[in-house]
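*Asks:*
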Amino acid sequence: MIIITRFIQTLIILIPIALFGWLLNKWLVPSGTFVVEHVVGERSPFIDELSPGNRVEEISKTPNGDAVQSIIEEPVTFFIHPHRDDFTRVDLEIWFQNDALPIVELGALASTQPDVYALAPIHNRLIDDSSWDRIDENETVLLQRERVYDSIADFFANPPTRDRVATYRADFDAPYRVIGYQPSSVLQRIDVTLRGHHEFKTYIKGEALAFSFLYTDSNREVGEDSIRATVFDESGKPVAEARSVDDGNVLANAVATDLRALKLSATGLSEGVYKVVLDTTRDVFFHEITTTQQKIVFLNALFIGDNIGYQDTMRGATFWSGGGRIRVQTSHARGVQTITVGDALLAVEEPYQWYSLVSSSYDLQKVSVPNGDLEIILDGPIAFAPDQFFNPDPVALTAYKTIEDLGVDFVLARYTSPRREGDWFVSKIGFDVEDLYEDKQTWKFSFSTPEIKTLGTRLNINKIITRLSR
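Note that the numbering used here has the sequence shown beginning at 47, numbered continuously upward.
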C-alpha cells in the first residue's frame, strides 16, 4: 500500500514537471525548428481553417478515411500565428488532390495597399502533363518541343531567341535589344491618372533616362504618403533614385495638395531595359508623366485613379496590351461601367467584385476604360500608345493558354513537381519571413486557383504541415 501511495505521489510530482518541460520546449524551440501539422477540421492554435466559408465545401471523409475540404472558388485564405517572433523561415507542405486545374499556387502576403502576394508553385499540370522532352535540374525544369539541349547549362550557354521561350517563375536572362533603335528628343506625355504603386519598363540606348511625374496627395487615409522612384538595370541593381516627402498632412481629411512634380533622371546608362518602380501609397495620384523615352510599358497592373466623391467629372483611360487575361475591379458604385477589350466587352456590374476576360490571342489590342476607379490586372505589358509598346520579357506560361497555344519551342520553369503519397499530391514550398507582411504576429496565405469556377472543378485539401525555423 505504501509503495502504491509513493508511486501516486511521484506521478503527481512528475506530471506537472513533464508538462512544464514540454511547454518550455515548445516555447524555446531548442532544436531551432517548430513543426505544426494541421489536418482540415482539426482546431489548431497556430493555423486557422480555410476561409471564407462560401468558397469551400464542408469537411468530409475520403473512402480511405482521410479528412478533405474542397476549394470551389478563389481566393481562399488561411492564417498562421507563430508563438515566437524570431523565426526566419516558414516551410509548408501541402497535401492535396487536383484533377483539372492547370496551375495551383500558394501566395504569402508580402505587402499591403495594395495587397501583394509572393507566389510559389504547388502544382503545374501544363508542365507535368506535357509530352515535350523534359530536363529537371536544381528545382529548374526545361521543356523542349524537340530535344536540342542535353542540360540546362547547355541551354544557358547557347540560348535560343526570346520569342522561342516561355517562362514560369523563372528568369531568362538573354538580353533584349531593339534592332535599329534610335534615341529621340521628342517629349511624350502619358495623360492619365494612376493611383498608388506602379511599375514599368523602358528602353535606353545612347540617351539619358528622364521622367517627370505630376502628382497630388489626396490624404484620404491616415499616414504619411512619401514617394520613392527607383531605377533598376537588367541585373536588378538599382542605378538611380528620386524621392518626395509627405506633404505634412497625415490625417484622413481628404484635403488634397496642389500639383507637385517629381523628377527622375540618370545618365551614362548602357543599352538595355530598365525597370522603374514607383513605390508609394494609394493616397498618391499621378496625373501626368512626361519623358523623352520612346518605349514604356507598365507591368501587369494599373489602378486608373478616381475622382469619385471629390469631383463631378470622371476620367477614363485608353491603353494597349498584348492580350491574355484581364481582371478588373472597382471600389465605388459610380465606377460601375463596361470596358472594351479589343472587339469584346467586359461589364463591371458592382463594386468589390473581380470580373475577367480571356483574350483569344496575344496580338496587340486596344482597351478603353470610360471611367476611372478601376483596378486592372493583365498577363502582359501595358502601353498608353501603340508606338510605346514593346515586350522585353518572354511570354509567361499561365493557366489560360496551353503550351502549344503559346507558339514557343522551349519552356523554362522554376518548379518542382509534387510527390505522391497514396491518394494525395504533396508539394513543398518555403518563404523567408523577412519577405512576409506580419500583422500582430500573423501571416496570411492565399491559394491561387485560376479557372476553378470556369472549369467547375475543385482543389481538395487534406492537411498543411508547417515548419518554422530560426
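The beta carbon of each residue, even a glycine, is placed where N, CA and C say it ideally should be.
Leaving aside the five residues before and after residue 440 along the sequence, list all residues of the same chain whose C-beta is less than 7 Å from its C-beta, in chain order.
*Replies:* Contacts found: 208, 211, 212, 213, 218.
*Asks:* Please report the straight-line C-alpha distance between residue 74 and residue 224, rounded to a whole angstrom.
*Replies:* At residue 74 the pLDDT is 47, less than 50, meaning the model places this residue with poor confidence; the figure from the coordinates comes in the next sentence. Residue 74 and residue 224: Cα-Cα distance of roughly 57 Å.
*Asks:* What is the residue span of the beta strand (DSSP E) that residue 445 lies within?
*Replies:* Per DSSP, residue 445 belongs to no beta strand (DSSP E) and is neither H nor E.
*Asks:* So, is residue 504 buried or exposed, given that buried needs 16 or more other C-beta atoms within 10 angstroms?
*Replies:* The residue is buried, with at least 16 neighbouring Cβ atoms inside 10 Å.
*Asks:* Identify every run of the beta strand (DSSP E) within the segment 421-460, keeping only runs that are complete inside it and at least 3 residues long; order them along the chain.
*Replies:* DSSP runs (the beta strand (DSSP E)) wholly in the segment 421-460: 456-460.
*Asks:* Residues bridged to residue 284 by DSSP?
*Replies:* Answer by DSSP bridge pairing, in chain order: 278.
*Asks:* Express the C-alpha separation of residue 121 and residue 273 in angstroms, rounding to a whole number.
*Replies:* Each residue's Cα considered, the two are about 30 Å apart.
*Asks:* With a threshold of 8 Å between beta carbons, is residue 164 in contact with chain D?
*Replies:* Chain labels in this structure do not include chain D; a single protein chain is all it has.
*Asks:* So which of 448, 269, 300 has the shortest CA-CA distance to residue 177?
*Replies:* It is 448.
*Asks:* Would you kindly work out how many angstroms separate the C-alpha atoms of residue 329 and residue 215, rounded to a whole number?
*Replies:* One C-alpha to the other measures close to 31 Å.
*Asks:* Could you check what DSSP says for residue 73 in three-state terms: helix, strand or coil?
*Replies:* Because residue 73 sits at a pLDDT of 45, beneath the cut-off of 50, its placement in the model cannot be relied upon, and the point is left open.
*Asks:* Alpha carbon to alpha carbon, how far is residue 317 from residue 251?
*Replies:* Near 4 Å, if we compare the C-alpha coordinates of residue 251 and residue 317.
*Asks:* Going by CA-CA distance only, name the one from 402, 418, 427 that's closest to residue 498.
*Replies:* For residue 498, the nearest C-alpha among the options comes from 402.
*Asks:* Kindly indicate which residue of 145, 269, 418, 493 has the alpha-carbon position closest to the one of residue 297.
*Replies:* Ranking the options by Cα distance to residue 297, first place goes to 269.
*Asks:* So residue 377 and residue 433 are supposed to be a Cβ contact under 8 Å. How far apart are they, rounded?
*Replies:* Actually they are not in contact, since the Cβ atoms of residue 377 and residue 433 sit about 32 Å apart, beyond 8 Å.
*Asks:* By DSSP, does residue 100 sit in helix, in strand, or in coil?
*Replies:* Of the three classes helix, strand and coil, the one that applies to residue 100 here is helix, per DSSP.
*Asks:* Should residue 67 be labelled buried (16 or more other beta-carbon atoms within 10 Å of its own) or exposed?
*Replies:* At residue 67, the pLDDT of 43 sits below 50, so the modelled position is not reliable; the number obtained from the coordinates is stated separately. Flag for residue 67 reads exposed.
*Asks:* Would you give the residue range spanned by the alpha helix (DSSP H) that residue 172 belongs to?
*Replies:* Run containing residue 172: 171-174, per the alpha helix (DSSP H) assignment.
*Asks:* Determine, using beta-carbon pairs with one atom in the segment 223-240 and one in the segment 276-296, whether at least three such pairs fall under 8 Å.
*Replies:* No, because fewer than three Cβ pairs between the segment 223-240 and the segment 276-296 fall closer than 8 Å, the two stretches do not touch.
*Asks:* Looking at residue 489: is its Cβ nearer than 8 Å to the Cβ of residue 155?
*Replies:* Yes.
*Asks:* Measuring CA to CA, which of 430, 386, 510, 202 is closest to residue 235?
*Replies:* Taking only the C-alpha atoms, the option nearest residue 235 is 430.
*Asks:* Smallest Cα separation from residue 414: which of 444, 361, 438?
*Replies:* It is 361.
*Asks:* Tell me whether the beta-carbon of residue 465 lies closer than 8 Å to the beta-carbon of residue 79.
*Replies:* Taking 8 Å as the Cβ cut-off, residue 465 and residue 79 do not qualify as a contacting pair.
*Asks:* Among the candidates 116, 108, 107, whose CA atom is the shortest distance from the CA of residue 502?
*Replies:* Considering only alpha carbons, the answer is 116.
*Asks:* What does the alpha-carbon distance come out to for the pair residue 198 and residue 118?
*Replies:* Between residue 198 and residue 118, the C-alpha separation is close to 37 Å.
*Asks:* Count the CB pairs spanning the segment 142-162 and the segment 470-481 that are closer than 8 Å, and state whether there are at least three.
*Replies:* Result yes; three or more Cβ-Cβ pairs closer than 8 Å.
*Asks:* What number of angstroms, rounded off, separates the C-alpha of residue 496 from the C-alpha of residue 151?
*Replies:* Their backbone Cα atoms lie some 9 Å apart in a straight line.
*Asks:* Whole angstroms is fine: what's the gap from residue 394's alpha carbon to residue 385's?
*Replies:* Their backbone Cα atoms lie some 8 Å apart in a straight line.
*Asks:* What residue ranges within the segment 206-282 form continuous beta strand (DSSP E) runs of no fewer than 3 residues, ordered along the chain?
*Replies:* Within the segment 206-282, the complete beta strand (DSSP E) runs of at least 3 residues are 211-214, 234-236, 244-250, 255-263, 273-278.
*Asks:* Please classify residue 293 as buried or exposed, where buried requires at least 16 neighbouring CB atoms within 10 angstroms.
*Replies:* Per the 10 Å Cβ criterion, buried.
*Asks:* Confirm, please, whether the CB-CB distance from residue 86 to residue 511 is below 8 Å.
*Replies:* The answer is no: Cβ separation not under 8 Å.
*Asks:* Please state whether the Cβ-Cβ distance between residue 335 and residue 259 is less than 8 Å.
*Replies:* Yes, these two residues count as a Cβ contact at 8 Å.
*Asks:* Counting beta carbon pairs with one atom in the segment 186-194 and one in the segment 134-151, are three or more of them shorter than 8 Å?
*Replies:* The answer is no - the segment 186-194 does not touch the segment 134-151, with fewer than three Cβ pairs under 8 Å.
*Asks:* Rounded to the nearest angstrom, what separates residue 71 and residue 123 at their Cα positions?
*Replies:* In this predicted model, residue 71 has a pLDDT of only 44, less than 50, meaning its place in the structure is not dependable; the value taken from the coordinates is given anyway. For residue 71 and residue 123, the distance between alpha carbons rounds to 30 Å.
*Asks:* Indicate the three-state DSSP secondary structure (helix, strand or coil) for residue 479 in the structure shown.
*Replies:* Three-state result, residue 479: helix.
*Asks:* With a floor of 3 residues, list each beta strand (DSSP E) that falls wholly inside the segment 299-371, ordered by position along the chain.
*Replies:* Runs of the beta strand (DSSP E) inside the segment 299-371: 306-312, 318-325, 330-337, 342-350, 363-367.
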